[in-house]
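Peer 1:
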Amino acid sequence: MNGSENFKEKILDESTMTSFDHLITNANLATFSAHYGFNLYENEETNSTPYGQLEHAAIGIKSGKIAWIGSHEQIATHLLHYQENQITDADGKWLTPGLIDCHTHIVYGGNRSNEFEARLHGASYQDIAAQGGGIVATVSATRDASIDALFAQSEKRLLALIKEGVTSIEIKSGYGLDLDTERKMLTVARQLGEKHGIHVSTTYLAAHALPPEYKSHMQDRADDYIEQVCAWLPILHAEGLVDAVDGFCENIAFSSDQIKQVFEVARSLDLPVKLHSEQLSDIGGSALVAEYQGLSSDHLEHLSEDDIKKMAASNTVAVLLPGAFYTLRDTKLPPIAALRKHHVPMAISTDCNPGTSPLTSLLLAMNMGCTLFYLTPEEVLAGATTHAARALGLGKKGRIEVGCDADLVLWDITRPADLAYQIGLNPIAGIMSQGEWRENL
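All residue numbers for the sequence shown refer to the working numbering, where the first residue is 49 and numbers rise by one.
#1: Quick one: which unbroken beta strand (DSSP E) runs of 3-plus residues sit fully inside the segment 142-199? Chain order, please.
#2: By DSSP's criteria, Leu368 is part of a beta bridge. Which residues make up the other side?
#3: Any idea which residues DSSP pairs Ile479 with across the strands?
#4: Does DSSP put Ser409 in a helix, in a strand, or in coil?
#5: How should Ile471 be labelled, buried or exposed, when 16 other C-beta atoms within 10 angstroms of its C-beta is the threshold for buried?
#6: For Thr235 versus Val290, is the C-beta distance shorter than 8 angstroms?
#7: Since Thr434 is in the alpha helix (DSSP H), which residue starts that stretch and which ends it?
#8: What do you reckon, are the CB atoms on Ser362 and Gly332 nearer than 8 angstroms?
#9: Who are the Cβ neighbours of Val392 in its own chain at under 7 angstroms, not counting the five residues just before and after it?
#10: Gln420 by DSSP, collapsed to three states: which one?
#11: Leaving out five residues on either side along the sequence, give the residues of the same chain with a beta carbon under 6 angstroms from the beta carbon of Ala395.
#12: Hey, out of Pro282, Lys322, Lys380, whose CA is closest to His256's CA?
#13: Can you confirm whether the segment 104-118 touches the segment 164-184 when touching is taken to mean that 3 or more C-beta pairs between the two stretches lie within less than 8 angstroms?
#14: Whole angstroms are fine: how far does the CA of Leu102 sit from the CA of Leu374?
#15: Hey, could you find the ends of the alpha helix (DSSP H) Tyr273 is sitting in?
#16: Please go through the segment 89-143 and give each complete alpha helix (DSSP H) segment of 4 or more residues, from N-terminal end onward.
#17: Counting C-beta neighbours from all protein chains within 10 Å, is the total for Ala75 16 or more, i.e. buried, or is it exposed?
#18: Using the Cα positions of Asn162 and Glu230, report the straight-line distance between them to the nearest angstrom.
#19: Can you name the start and end residues of the beta strand (DSSP E) that Glu333 belongs to?
#20: Helix, strand or coil: how does DSSP classify Phe311 here?
#21: DSSP on His83, reduced to helix/strand/coil?
#22: Have a look at Pro425 and Gly85 and give me their C-alpha separation to the nearest angstrom.
#23: Distance check for Gly446 and Gly146, CA to CA, integer angstroms please.
#24: Is Phe80 closer than 8 angstroms to Tyr99 when the C-beta atoms are compared?
#25: Which partner residues does Tyr252 have in the DSSP bridge list?
#26: Quick check on DSSP: helix, strand or coil for Ile217?
#27: When we look at the beta-carbon of Lys243 and count the other beta-carbons within 10 Å, is it buried (16 or more) or exposed?
#28: Determine, using beta carbons only, whether Leu253 and His285 come nearer to each other than 8 angstroms.
#29: What three-state label does DSSP hand Met49 in the structure shown?
#30: Mind checking who Leu77 pairs with in its DSSP beta bridge?
#31: Identify which residue in Asp196, Pro260, Leu420 has its Cα closest to the Cα of Met233.
#32: So which of Pro475, Pro259, Ser481 has the shortest CA-CA distance to Ile246?
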């Protein structure tokens, strides 16, 4: 099915059809909407249209929302009612939802290219962490950075992502590991969104690593630190800085029991949770986040099928991070077949961070998802749009559908698969956020 016969919106009354703020005409749409046949898990009872695509389509936008979708022919007779600057002729180009980078650590100080070199000489992730590198090295640099310096450094990474069509992004704390620096990171994240007109979901990740002041020769005071993490969360939430709560549940980080204490505080504040889990080992992190009806469980190379079933039951998204897999030269693939089998939606993200995924290209992450994880182009593009939106709890983003936010990207491509197929080429032709075209790409 080419999608041209799949239009379901009716022509509205004359006054409505002539009152849109903006029109996009002559477009091919990858809607990722079930309304137009998108269904990655097709079976005998369902019909599926790849990408939920519509050809020769038009979109009417009102007050920053998608207000109407139909064929170009349905709107053609009304075009004389609009000013030239209210109409965008896509000339057969493709529109997708705005891309969503749903797992990033882009706010940080310093540089860890020395660790990149060390790994090339044989050091492991665990070796580097044991020698005072890894997350703790970035903590020191982030604590030392002024808020202006931290903003300036992080802004460069955000702009690289925006130029590739990212209109929503998650930004985590977790390189402060004390109240003041966690606050500083989350404040910078909010400022970045405000300056650049991009939706930023902020995530509290103080349970990322044990800070140096909680380590000693005799005993690590991880339980004491988790108490502080739990105490800081209500403070930062009251300041309007926290949209969700995350933790690192791993054999080199925190146990599931320790993370559970943090999740209990999150629950008391009605904050959604997510988790770094099963990257290096399986210690039950995904089962824990499913227990709390979490938004997502992320990394997942060592995820068990039993925990996949729990994720499916709790509608928890699997966030796959091929940049870290690539950088660490991992060989343990996430259990893609089992995730498909149990219909767990899979998101794709850059995991942009200074140590294990210094990646500022979501398009490249999509290509990696295909080449390294054997996902299809439709799966990775869904993973950077509709499934990424689910991973952040953004119900009005990630789809081209009436009522959704008018966050859209126009691409000069022949077919949607080009976005995952091409390496190093950015075929972007326009970015719309909340119904407004960005002036600078």
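Don't be surprised by glycine CBs; every beta carbon is placed ideally from N, CA and C.
Peer 2: Put simply:
#1: 142-145, 147-149
#2: Start at 1 with the first residue of the sequence shown, and residue 368 comes out as number 320. According to DSSP, which records beta bridges pairwise, Leu368 is partnered with Ile396.
#3: The residue you call residue 479 lines up with position 431 of the sequence shown. BP columns for Ile479 point to Val457.
#4: Taking the first residue of the sequence shown as 1, we reach residue 409 at position 361. Looking at Ser409 - three-state DSSP - the assignment turns out to be coil, as it is neither helix nor strand.
#5: If you number the sequence shown from 1, residue 471 lands on position 423. By the 10 Å Cβ count, Ile471 comes out exposed.
#6: Sequence index remark: in the sequence shown, residue 235 carries index 187 (1-based). Sequence index remark: in the sequence shown, residue 290 carries index 242 (1-based). Not in contact: Thr235 and Val290 (Cβ atoms no closer than 8 angstroms).
#7: Numbered from 1 along the sequence shown, position 386 holds the residue referred to as residue 434. It spans 434-439 - the alpha helix (DSSP H) in which Thr434 sits, taken as one unbroken run.
#8: Stepping through the sequence shown from its first residue, residue 362 is reached at position 314. Stepping through the sequence shown from its first residue, residue 332 is reached at position 284. For Ser362 and Gly332, no; Cβs fall outside 8 angstroms.
#9: Numbered from its first residue, the sequence shown carries residue 392 at position 344. Ile356, Met359, Ala360, Ala366.
#10: Indexing the sequence shown from 1 puts residue 420 at position 372. In the sequence as presented, Gln is not what sits at residue 420; that position holds Leu. Leu420 falls in the coil class under three-state DSSP.
#11: Within the sequence shown, the letter at position 347 stands for residue 395. The residues are Cys150, Val365, Val367, Gly431, His435, Ala436, Ala439.
#12: Here the question's residue 256 lines up with position 208 in the sequence shown. The candidate whose alpha carbon is nearest that of His256 is Lys322.
#13: no
#14: For this step, residue 374 is matched to residue 326 along the sequence shown. For this step, residue 102 is matched to residue 54 along the sequence shown. A quick correction: the sequence has Tyr, not Leu, at residue 374. So the alpha carbons of these two residues sit roughly 34 angstroms apart.
#15: As a first step, residue 273 is located in the sequence shown; it is residue number 225 there, counting from the start. Note, Tyr273: alpha helix (DSSP H), 270-286.
#16: 120-124
#17: Residue mapping note: residue 75 aligns to position 27 of the sequence shown, counting from 1. It is buried - the Cβ of Ala75 has at least 16 other Cβ atoms within 10 Å.
#18: Taking the first residue of the sequence shown as 1, we reach residue 162 at position 114. Taking the first residue of the sequence shown as 1, we reach residue 230 at position 182. Going by the C-alpha atoms only, they are around 25 angstroms apart.
#19: Here residue 333 refers to the residue found at position 285 when the sequence shown is read from its first residue. According to the sequence shown, residue 333 is Gly rather than Glu. Unbroken run through Gly333 is the alpha helix (DSSP H), 333-339; no beta strand (DSSP E).
#20: If you number the sequence shown from 1, residue 311 lands on position 263. The answer is helix: DSSP assigns Phe311 an H, G or I state.
#21: Reading the sequence shown from its first residue, position 35 is the one you call residue 83. His83 falls in the helix class under three-state DSSP.
#22: Walking along the sequence shown from the start, residue 425 turns up at place 377. Walking along the sequence shown from the start, residue 85 turns up at place 37. Answer to the nearest angstrom: the Cα atoms are 17 angstroms apart.
#23: Position 98 of the sequence shown holds residue 146. Position 398 of the sequence shown holds residue 446. Cα to Cα, Gly146 sits roughly 7 angstroms from Gly446.
#24: Here residue 99 is taken as the residue at index 51 of the sequence shown, counted from 1. Here residue 80 is taken as the residue at index 32 of the sequence shown, counted from 1. Closer than 8 angstroms, so yes.
#25: Your numbering for residue 252 matches position 204 in the sequence shown. DSSP, once it has assigned bridges, lists Val293 as partnering Tyr252.
#26: The sequence position of residue 217 within the sequence shown is 169, counting from 1. Residue state, collapsed to three classes: strand.
#27: Position 195 of the sequence shown, counted from the first residue, corresponds to residue 243. It is exposed - the Cβ of Lys243 has fewer than 16 other Cβ atoms within 10 Å.
#28: Numbered from its first residue, the sequence shown carries residue 253 at position 205. Numbered from its first residue, the sequence shown carries residue 285 at position 237. Not closer than 8 angstroms, so no.
#29: Position 1 of the sequence shown, counted from the first residue, corresponds to residue 49. With a pLDDT of 40 at Met49, under the threshold of 50, the predicted position of this residue should be treated as unreliable, though the coordinate-derived value follows. Three-state DSSP puts Met49 in coil, outside helix and strand.
#30: Your numbering for residue 77 matches position 29 in the sequence shown. According to DSSP, which records beta bridges pairwise, Leu77 is partnered with Leu102, Leu143.
#31: Indexing the sequence shown from 1 puts residue 233 at position 185. Selected option, being the one with the closest Cα: Asp196.
#32: Your numbering for residue 246 matches position 198 in the sequence shown. Taking only the C-alpha atoms, the option nearest Ile246 is Ser481.
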